[in-house]
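These notes concern the structure reproduced below.
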Amino acid sequence: MLVLCLGCRMWLTLIYSCISGAALLYALYRWVIPTAVQYHGGLALIWHDVIVERMLDTLTQSTRPQRLLNAVQKNATRGDPRSVVKAIDDFCRHKEWAMNVGDEKGCILDSVVSEINPAAVLELGTYCGYSTVRIARLLPPHAKLITLEFNPDFAAIARQVIAWAGLEEKVQLVEGASGDWIPKMKEQFGITTFDLVFLDHWKDRYLPDTKLMEECGLLRKGSVLLADNVICPGTPDYLEYIRSSPRYESRYFKSHLEYTKVEDGLEKSVFKG
Ligand SMILES: C[S@@+](CC[C@H](N)C(=O)[O-])C[C@H]1O[C@@H](n2cnc3c(N)ncnc32)[C@H](O)[C@@H]1O
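In structure tokens:
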């Protein structure tokens with residue numbers, strides 16, 4: 013029978029404890045916490061958008077948008093927007109959550125774009141260009157999508173994602189804040205009115221930017237506003253305004269916060285003039 017000395021036994025116990033601790037931490041990080049936060053919006057956002065993002069940024073010395081772009085370049089086919097959308101959804105479902113509109117609400121977005129068949133679209137909030145690609149791939153020939161993003165690092169990644177999808181001709185990515193650009197849309201881009209506006213920037217800007225678009229005459233009778241995240245994180249002032257105003261006919265499309273099981277949805281509001 014093998015008899016171990018006291019020192020060897022202590023070392024074995026230490027190694028065993030380290031391996032068990034590491035396995036436990038990995039299970040917590042990879043499965044237990046992500047599954048638990050799937051059902052709670054606030055916790056999901058803190059976990060994915062603050063804790064995990066900062067930790068991976070530090071460990072990999074890269075940013076989430078850079079990692080997302082790498083996934084596109086590795087897994088999507090150049091010039092094929094569908095494969096770009098799929099590569100981002102796979103990355104966000106299986107590797108790292110990100111604040112794209114996502115696959116589930118993305119299907120609602122697709123159906124609204126297809127129904128309207130818009131010639132002029134404004135997107136507020138580009139991030140890495142996921143929804144930009146989703147929208148642009150469905151636009152008819154000669155249609156134009158202007159997308160606004162005020163973070164230059166995100167804008168630089170989005171340009172590469174849009175180019176990988178082969179959609180640069182259809183998309184004009186404009187760097188800067190919505191409040192600064194909305195009043196300049198007519199003179200700078202020759203826009204008369206938008207057929208569709210997708211609101212997906214910071215939630216406290218939905219209402220002031222909607223009022224600004226009204227003031228600047230960017231909406232016509234029949235223009236559609238489609239707003240993301242109206243439940244989670246939520247846009248109560250915008251919802252109250254758009255649902256009570258006689259100038260809009262508004263409808264809620266129930267869904268889930270991107271890549272989770274938390275309730276969220278899109279609000280589609282038709283401007284009546
Ligand atoms: C939720 S993300 C957009 C996601 C993107 N629409 C998608 O589904 O792929 C919101 C983005 O809006 C940008 N943003 C927030 N407020 C803005 C503003 N006032 N003007 C321009 N960009 C803004 C943020 O930097 C962020 O990249």
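Each residue of the sequence shown is one higher than the one before, counting from 13 in the working numbering.
Cβ coordinates follow ideal geometry from the N, Cα and C atoms, glycine included.
In terms of Cα proximity to Tyr51, the closest of Glu275, Leu238 and Leu36 is Glu275. For the 8 Å CB-CB criterion, Leu80 and Ile100 form a contact. With respect to the 8 Å criterion, Phe210 and Ile158 are not classified as neighbours on the basis of their beta carbons. Look at the segment 236-272 and you find these whole runs of alpha helix (DSSP H), each 4 residues long or longer: 248-256.
At the C-beta level, Val242 and Leu251 come within 8 Å of one another. For Gln78, the uninterrupted alpha helix (DSSP H) segment begins and ends at Arg76 to Asn87.
Here the alpha carbon of Asp102 sits roughly 17 Å from the alpha carbon of Trp43. Between Ala239 and Glu270, the C-beta spacing is not below 8 Å. A check of alpha carbon separations from Arg105 across Thr47, Ile63 and Gly137 identifies Thr47 as the nearest. Under the three-state reduction of DSSP, Thr138 is assigned to coil, being neither helix nor strand. For Gly277, there is no enclosing alpha helix (DSSP H); the enclosing beta strand (DSSP E) covers residues Glu275 to Phe283. Under the DSSP assignment, Ile100 falls in the alpha helix (DSSP H) whose first and last residues are Pro93 to His106. In the DSSP assignment, the residues bridged to Phe206 are Leu231.
Relative to Trp59, the option among Pro93, Glu199, Ile45 and Thr72 whose CA is nearest is Ile45.
The beta carbon of Thr138 sits closer than 7 Å to at least one heavy atom of ligand 1.
With fewer than 16 other CB atoms across the displayed protein chains lying within 10 angstroms of its CB, His154 is exposed. If you compare the alpha carbons of Leu208, Ala83, Arg21 and Tyr253 with that of Asp216, the shortest gap goes to Tyr253. Burial state of Trp176 is buried, judged by a 10 Å Cβ sphere holding 16 or more other Cβ atoms.
In this structure the segment 167-174 lies against the segment 136-145, because at least three pairs of beta carbons, one per stretch, are closer than 8 Å. By the 16-neighbour rule on beta-carbons within 10 angstroms, Tyr28 is exposed. Counting the other CB atoms within 10 Å of its CB gives Ser281 a total of 16 or more, which places it among the buried residues. Approximately 7 Å separates the beta-carbon atoms of Asp221 and Gly191; this is inside 8 Å, confirming the contact. The straight-line gap separating the alpha-carbon atoms of Ala168 and Pro77 is approximately 10 Å. Within the model, the alpha-carbon separation for Arg146 versus Ser235 is close to 19 Å.
Note on Lys182: 16 or more other CB atoms within 10 angstroms of its CB, so buried under the neighbour-count rule.
Closest option to Ile203, judged by alpha-carbon separation, among Ser267, Gln73, Asp165 and Gly229: Gly229.
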